[in-house]
Amino acid sequence: MRVVNLDRLDLKTVDPQGSIKAVLKFPRQFTEALKEAFDFELPRVGDFDSILITGMGGSAVGGDILKVLLRGRTEVFVDVNRGYDIPAWVGKNTLLIGVSYSGNTEETLSSCEKALRKGAKAIFVSSGGKLAEMAEAKGVPIFKVPSGLQPRAALAYLSVPLLVFMSRLGVADFDKEFEETVSVLQGMSEELSPEVPLSANGAKELASWLYGSVPLIYGDDGIGGVAAYRWKTQINENSKQPAYCHFLPELDHNEIVGWMSKDFKRVFKVIALRHGKENERVSLRFGITRKLVLESVGGWREIEGKGKGEMSLLYSLIYFGDLVSLYLAYLNGVDPTPVDVITELKSEMAKHK
Numbered sequence: 004m005r006v007v008n009l010d011r012l013d014l015k016t017v018d019p020q021g022s023i024k025a026v027l028k029f030p031r032q033f034t035e036a037l038k039e040a041f042d043f044e045l046p047r048v049g050d051f052d053s054i055l056i057t058g059m060g061g062s063a064v065g066g067d068i069l070k071v072l073l074r075g076r077t078e079v080f081v082d083v084n085r086g087y088d089i090p091a092w093v094g095k096n097t098l099l100i101g102v103s104y105s106g107n108t109e110e111t112l113s114s115c116e117k118a119l120r121k122g123a124k125a126i127f128v129s130s131g132g133k134l135a136e137m138a139e140a141k142g143v144p145i146f147k148v149p150s151g152l153q154p155r156a157a158l159a160y161l162s163v164p165l166l167v168f169m170s171r172l173g174v175a176d177f178d179k180e181f182e183e184t185v186s187v188l189q190g191m192s193e194e195l196s197p198e199v200p201l202s203a204n205g206a207k208e209l210a211s212w213l214y215g216s217v218p219l220i221y222g223d224d225g226i227g228g229v230a231a232y233r234w235k236t237q238i239n240e241n242s243k244q245p246a247y248c249h250f251l252p253e254l255d256h257n258e259i260v261g262w263m264s265k266d267f268k269r270v271f272k273v274i275a276l277r278h279g280k281e282n283e284r285v286s287l288r289f290g291i292t293r294k295l296v297l298e299s300v301g302g303w304r305e306i307e308g309k310g311k312g313e314m315s316l317l318y319s320l321i322y323f324g325d326l327v328s329l330y331l332a333y334l335n336g337v338d339p340t341p342v343d344v345i346t347e348l349k350s351e352m353a354k355h356k
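Quick note: the sequence shown uses our numbering, first residue 4, plus one each step.
See the structure below:
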């Protein structure tokens, strides 16, 4: 197989639908989503003591981001729901945030319907579809996002409004972190663009190192773990290959034992997502874990989040992974945009109403 030269990319050939153009606009999308969410006519939803964000795939990532950034900032219970059903605790004191980019995700429609039947307060985030119809019929406020993107490329529109809503509802104050996050993302967009050569482009270099292997992405049990899951799914969908993730300290109680065999050394490589807000004992575990497994994996690399605040650290780790997944797609010789097998699966499911 001919290896693609990442410094001589013909983007019209390797990325005909422009996935990387959309990703490079992420800082601008972040700013747009921020403004629109502050301008949104947010109704008074009343008191609530729990929040359930329900969504699937790229539409659920905003829930993961919100949940981890609220940890340590509020006593309100927060959970992310991925599926048709809802937890038994959902009720009149729950704020439901239903997120579906297309508005037609059957699992999200099902869980939203069930939560509304139990009296949950609600806000929807979508570009339209059946979720918008439900919002109109049930009187649920809906934050409309731009259409025409892949859900995974609409992360800013699907996550930033949730953070803004929490600030406006008095759950937690994120306002001071938005400016830093935008600044960091803008810098990364320039530093990691296709025009920057591999020798000075960390995303290109890491993709080249990962090429031909199965990535294992490790994070902590906070923002690193959320970023690790996003890396995994982006490599699955964009790069069209397997990838796996886990988090410390949990993996030190199970997965680490699997690396006592050296039979898989040529298959797996580890990327550890690090940041300055880690628990000091978890930081210690990263170093010890690396030492214990290094001879059994094909290599270990570490990526540091950028910025001072948790928001910037998290979004910078996510953004780096998004770009790595695209450069890896080019190396794999695949178009990063289409997800034909998901389309086929949905078509098969539609036959069974």
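For glycine and all other residues, C-beta sits at the position ideal for the given N, C-alpha and C.
In this structure, A210 lies near L331, with their beta-carbon atoms less than 7 angstroms apart. When the Cα atoms are used, L297 and M59 turn out to be separated by approximately 34 angstroms.
Between V102 and G142, the C-beta spacing is not below 7 angstroms. Counting along the chain, the unbroken alpha helix (DSSP H) around F29 starts and ends at 29-42. Under the three-state reduction of DSSP, D13 is assigned to coil, being neither helix nor strand. Note on geometry: alpha-carbon atoms of G222 and M314 lie some 16 angstroms from one another. The DSSP-derived three-state label of S328 is helix. Following the DSSP letters along the chain, one finds D338 in no alpha helix (DSSP H), marked with neither H nor E. A Cβ-Cβ contact shorter than 7 angstroms links V163 with A36. Taking every protein chain shown into account, the CB of G312 has 16 or more other CB atoms within 10 angstroms, so this residue is buried. According to the DSSP assignment, K141 belongs to the alpha helix (DSSP H) that extends over 132-141. With contacts defined as CB atoms closer than 7 angstroms, S328 and Q237 qualify as a contacting pair. Going by beta carbons, K235 and I220 fall inside the 7 angstroms limit. The continuous alpha helix (DSSP H) containing G190 extends over residues 178-194.
In this structure, the beta-carbon distance from L201 to D10 falls below 7 angstroms. The secondary-structure analysis by DSSP pairs F127 across a beta bridge with G101, I145.
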